[in-house]
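J.: Just dropping this structure here.
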């Protein structure tokens with residue numbers, strides 16, 4: 169076996185491990201929840217998902233969030249409140265879950281776009297939050313048969329301040345964590 173092939177395998181195994189670790193981090197963050205009257209809890213998933221995109225990069229961050237969603241869809245209790253299954257994915261809050269990979273994707277793009285410039289990263293993170301809110305809002309409105317105004321007040325409005333804080337945390341710490349891991353030769 170030539171050395172380059174051996175290094176490729178190590179890199180792939182290493183990447184799989186990082187993906188698994190971030191899927192576990194997302195799962196842990198999902199359990200940090202505050203229930204709200206509208207039925208959509210505040211969780212830290214929407215912090216961990218874009219953080220995965222920034223730290224692991226576009227491809228691996230998106231895969232980590234996709235793994236998380238797929239694990240939950242097949243019934244592994246990884247979602248908020250240790251729930252899982254297709255009933256959750258296609259239930260009132262499923263639109264949020266289904267857009268998690270897109271959140272990680274936009275974060276990964278933002279981390280790479282223009283060298284990870286803070287302004288551009290912030291803009292891409294905001295775009296990811298908007299995509300997540302839109303998916304969640306539309307699915308909630310469709311499933312509950314509420315109009316968009318009621319759905320917005322239950323699924324988006326209460327979460328905007330938290331989303332802003334989470335975006336600022338990802339901007340502040342995401343690039344720093346990635347650079348520290350690169351410096352430590354944990355990431356390449």
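Numbering (the working numbering), first residue to last: 169 to 356.
Glycine included, every Cβ here is placed at the ideal spot set by N, Cα and C.
Source: prediction; values computed, not measured.
(1) So which of 222, 185, 203 has the shortest CA-CA distance to residue 348?
(2) Taking DSSP as the reference, what is the three-state secondary structure of residue 242?
(3) According to DSSP, is residue 247 helix, strand or coil?
(4) So, do the region 291 to 308 and the region 248 to 264 have three or more beta carbon pairs nearer to each other than 8 angstroms?
(5) Would the beta-carbon of residue 199 fall within 8 angstroms of that of residue 250?
(6) Is the beta carbon of residue 359 less than 8 angstroms from the beta carbon of residue 233?
(7) How should residue 334 be labelled, buried or exposed, when 16 other C-beta atoms within 10 angstroms of its C-beta is the threshold for buried?
(8) Within 10 angstroms of its Cβ, does residue 260 collect 16 or more other Cβ (buried), or is it exposed?
(9) Let me confirm a value: residue 353 is counted as buried when at least 16 other C-beta atoms fall within 10 Å, else exposed. Which label applies?
(10) Under a Cβ-count criterion, where at least 16 other Cβ atoms within 10 Å of its own Cβ denotes burial, should residue 185 be classed as buried or exposed?
(11) Between 341, 194, 288, which has its C-alpha nearest residue 216's C-alpha?
(12) On the DSSP letters alone, give me the boundaries of the alpha helix (DSSP H) that residue 307 sits inside.
(13) Could you pull out every residue in the same chain whose Cβ sits closer than 8 angstroms to the Cβ of residue 237, ignoring the five residues on either side in sequence?
(14) Exposed or buried, residue 181, counting other C-beta atoms within 10 Å across all chains shown (16 or more means buried)?
(15) Just curious, the alpha helix (DSSP H) that residue 384 is in, first and last residue?
T.: Let me lay it out:
(1) Indexing the chain shown from 1 puts residue 348 at position 180. Among 222, 185, 203, the Cα nearest to that of residue 348 is on 222.
(2) The residue given as residue 242 occupies position 74 in the chain shown. Reduced to three states, the DSSP call for residue 242 is coil.
(3) Sequence index remark: in the chain shown, residue 247 carries index 79 (1-based). Correct three-state label for residue 247: strand.
(4) yes
(5) Within the chain shown, residue 199 is the residue found at index 31, counting from 1. Within the chain shown, residue 250 is the residue found at index 82, counting from 1. In contact: residue 199 and residue 250 (Cβ atoms closer than 8 angstroms).
(6) The structure shown has nothing for residue 359, since the chain only spans 169 to 356.
(7) Stepping through the chain shown from its first residue, residue 334 is reached at position 166. Its Cβ being crowded by 16 or more others within 10 Å, residue 334 is buried.
(8) As a first step, residue 260 must be located in the chain shown, where it is residue number 92. Answer is buried; the Cβ neighbour count reaches 16.
(9) Here residue 353 corresponds to residue number 185 of the chain shown, with the count starting at 1. Answer is exposed; the Cβ neighbour count stays below 16.
(10) On the chain shown, residue 185 is found 17 positions in, with the first residue counted as 1. Residue 185 is exposed by the Cβ-count criterion.
(11) Working through the chain shown from its first residue, we reach residue 216 at position 48. Cα-wise, what sits closest to residue 216 is 194.
(12) Taking the chain shown and counting its residues from 1, the one referred to as residue 307 is at position 139. Residues 286 to 312.
(13) As a position in the chain shown, residue 237 is number 69, starting the count at 1. Counting only Cβ-Cβ distances below 8 angstroms, and skipping sequence neighbours, we find 257, 265, 266, 268, 269.
(14) Working through the chain shown from its first residue, we reach residue 181 at position 13. Residue 181 comes out exposed.
(15) The chain is shown only over 169 to 356; residue 384 falls outside these bounds and no answer can be derived.
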